[in-house]
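Note that the sequence shown covers residues 1 to 431 in the UniProt record's numbering.
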Amino acid sequence: MAEDVINEMERAIALNVVSAMGKMAAQKDGETLILNNQYSATDLLGRAAQIAMENNQQNVAVKALLCVIEQSLDIQQVFMSLRCLMRLTLHQERPEDKDKRVLNSENLMSYLNIAYKKLTENLTWDGLHEKRMEEAQWLRKVAWNVAVGAQESPSIMRDCLLLSYKISLFCPCDKIVMVAQSSCLFMAAAVDLLLARTAVDHSEQVKLLVQSLENINICREIQNNLKAAGDFPNDTKETLLLLYEFEIRAKLNDGMLENMLESVWEMPNLDAKILESIASLSMEAPAYYPSICKKALHGALSLHRKQDPPDVSRLSKCLHSLVKLSLPERLAELEDCQQEEAWGYYQEALSFISNAEGYPEIEILWLMTRAWNTGVFLYSLKRLPDAGRWFALAMRLLNHLESLKSSYESKMVALYSNILDKLDKAALSDE
Numbered sequence: 001m002a003e004d005v006i007n008e009m010e011r012a013i014a015l016n017v018v019s020a021m022g023k024m025a026a027q028k029d030g031e032t033l034i035l036n037n038q039y040s041a042t043d044l045l046g047r048a049a050q051i052a053m054e055n056n057q058q059n060v061a062v063k064a065l066l067c068v069i070e071q072s073l074d075i076q077q078v079f080m081s082l083r084c085l086m087r088l089t090l091h092q093e094r095p096e097d098k099d100k101r102v103l104n105s106e107n108l109m110s111y112l113n114i115a116y117k118k119l120t121e122n123l124t125w126d127g128l129h130e131k132r133m134e135e136a137q138w139l140r141k142v143a144w145n146v147a148v149g150a151q152e153s154p155s156i157m158r159d160c161l162l163l164s165y166k167i168s169l170f171c172p173c174d175k176i177v178m179v180a181q182s183s184c185l186f187m188a189a190a191v192d193l194l195l196a197r198t199a200v201d202h203s204e205q206v207k208l209l210v211q212s213l214e215n216i217n218i219c220r221e222i223q224n225n226l227k228a229a230g231d232f233p234n235d236t237k238e239t240l241l242l243l244y245e246f247e248i249r250a251k252l253n254d255g256m257l258e259n260m261l262e263s264v265w266e267m268p269n270l271d272a273k274i275l276e277s278i279a280s281l282s283m284e285a286p287a288y289y290p291s292i293c294k295k296a297l298h299g300a301l302s303l304h305r306k307q308d309p310p311d312v313s314r315l316s317k318c319l320h321s322l323v324k325l326s327l328p329e330r331l332a333e334l335e336d337c338q339q340e341e342a343w344g345y346y347q348e349a350l351s352f353i354s355n356a357e358g359y360p361e362i363e364i365l366w367l368m369t370r371a372w373n374t375g376v377f378l379y380s381l382k383r384l385p386d387a388g389r390w391f392a393l394a395m396r397l398l399n400h401l402e403s404l405k406s407s408y409e410s411k412m413v414a415l416y417s418n419i420l421d422k423l424d425k426a427a428l429s430d431e
């Protein structure tokens, strides 16, 4: 216990001494040489930091290094201190407590911000161009690693990714750096979009979406430069950038959304999954673009038809969505053109159900139920011929059910028999 108290007192004294030395370095003559013109005040602070580290007094070392960074006029000494400061934090044992881990990330980010600011001071680096690039290379990698380790705090992760990108602008513009820049912007855009999806405040959501879009645009420029240089970027990244941009513009109610869909058709090796994702995003609140959704689903359906064998499960989901768009939940709003459109999708579904294996039974049941309900609605309007064909369609679908057929067959057959009698009587009375 007594030893602990003594150690605490020593640390407190050391911190006070370092603070006093920092104040001395801040004076106008702080950089004048002392001790027989051999050392400056910031040199002594650097030495104090070294001694503190050797004696496991990290708080004292951090204080001394911060004083050097703040007061030294020697840019190389400043960056040497910044490196020491970051290594001190990076080499610490990873805390079990989440708040402490976040605090470490925040400290590292503050050091990186200081470093970035120092990198931008052009006059300070006069004659040290190579040294500045060397420091920037090291710092951009540190910023990237801090970002990767800060997944518990998306905002810190995003800020460190953007710092890594900004620091990389002081590096040689070669392929390695450009790919790193692209990755930083891509991930930062993804984080902002993720935060926007869960944002409660509308203005905050808009701000995050706009930031994400800005980073997507810069990322795409870099991707295009890589292409122009003959280095073809990752196709997956290109696809995700397109989907991110589509989602953002949909959420922002951007008028360019239709134009974006046109550019999708021009994509090489266009995959049905991309079109299915676009269809989903175009109807995901607050977005509501049924016409775009239909176009994307038609495109996906066309691609599924060309597959041999087709992916029946995904194809059935496309048809499900198209029927749902054509037959409104409130059938009172059903128009003749929508009825005919939905009828066409049903015929296509029946064709696949009859000729391809593996059409999901739950999807057949859903189609049957919607067809039957449509028939009931039209029957209530005395539109008997239309009602009759929808009832007949539902019965055809009933015959394709397997395990679920017994649950519906007896009731539907009885109802359909009564309906047919009424339809026949109505037809005779019309004659």
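Ideal Cβ placement from N, Cα and C applies to all residues, glycine included. Remember, it's a predicted structure, so these values are computed and weren't measured experimentally.
Apart from sequence neighbours up to five positions away, no residue of its chain approaches Glu93 with a beta-carbon distance below 6 Å.
Check the Cα spacing between Ala387 and each of Glu340, His400, Asp308, Glu258: the tightest is with Glu340. A direct Cα-to-Cα measurement between Asp421 and Tyr379 gives close to 13 Å. Non-local beta-carbon contacts of Leu281 in its own chain, meaning distances under 8 Å to residues more than five positions away in sequence, involve Leu243, Phe246, Glu247, Ala250, Ala287 in chain order. The straight-line gap separating the alpha-carbon atoms of Cys219 and Leu209 is approximately 15 Å. In this structure, the CA atom of Leu303 is about 42 Å from the CA atom of Lys141. Inter-residue distance for Arg47 and Ser81 is about 11 Å (C-alpha atoms, whole angstroms). By the Cβ-count criterion, Leu103 is exposed, with fewer than 16 other Cβ atoms from all chains shown falling within 10 Å of its own Cβ.
Here Pro154 carries a helix assignment [DSSP, helix/strand/coil]. Between Asn215 and Ala189, the C-beta spacing is below 7 Å.
Taking 7 Å as the cut-off, the beta carbon of Cys160 is found no closer than this to the beta carbon of Ala180. Nearest C-alpha to Phe170 among Glu284, Val323, Trp125, Asn253: Trp125. In the same chain as Met283, and ignoring 5 residues on each side of it, the C-beta atoms closer than 6 Å to its own belong to Cys293, in chain order.
Taken atom to atom, the span from the alpha-carbon of Leu397 to that of Asn253 is near 39 Å.
Spanning the alpha carbons of Val68 and Gln76 requires a straight line of approximately 11 Å.
For His320, the closest alpha carbon among the candidates Pro154, Met260, Trp343 is that of Trp343. Excluding residues up to 5 positions away in sequence, Ala14, Val60, Ala61, Ala64 lie with their Cβ nearer than 7 Å to the Cβ of Ala52 in the same chain.
Counting along the chain, Thr120 sits inside no alpha helix (DSSP H), nor does DSSP assign it H or E at all.
About 6 Å separates the beta carbons of Leu261 and Lys295, which is inside the 8 Å limit, making them a contact pair.
Linking Leu44 to Pro172 through their CA atoms gives a straight-line distance of about 35 Å.
Assignment of Lys382 by DSSP, reduced to helix, strand and coil, places it in the coil class. For the options Arg389, Leu226, Arg314, Thr239, the alpha carbon positioned closest to that of Leu301 is the one of Arg314. Cβ-Cβ separation between Trp372 and Phe391: approximately 7 Å, consistent with a contact (criterion under 8 Å). DSSP assignment within the segment 65 to 104 yields the following whole alpha helix (DSSP H) runs of 4 residues or more, N-terminal first: 75 to 90. Burial state of Asp192 is buried, judged by a 10 Å Cβ sphere holding 16 or more other Cβ atoms. Counting along the chain, Tyr288 sits inside no alpha helix (DSSP H), nor does DSSP assign it H or E at all.
DSSP places Asp126 outside any alpha helix (DSSP H), giving it a letter other than H or E.
Collapsing the DSSP output to three states places Gly299 in a helix. Taking each of Tyr116, Cys84, Leu240 in turn and checking the Cα distance to Glu54, the smallest one comes out for Cys84. Shown here for Ile274: same chain residues with a beta carbon closer than 8 Å to its own, the five before and five after excluded, namely Thr239, Leu242, Leu243, Val264, Met267 in chain order. Here Leu404 is not near Glu363, since their CB atoms are 7 Å or more apart.
The alpha-carbon of Leu162 is positioned some 6 Å away from that of Cys184. A Cβ-Cβ contact shorter than 7 Å links Ala349 with Leu367. Glu409 sits in a helix when the DSSP states are folded into three classes.
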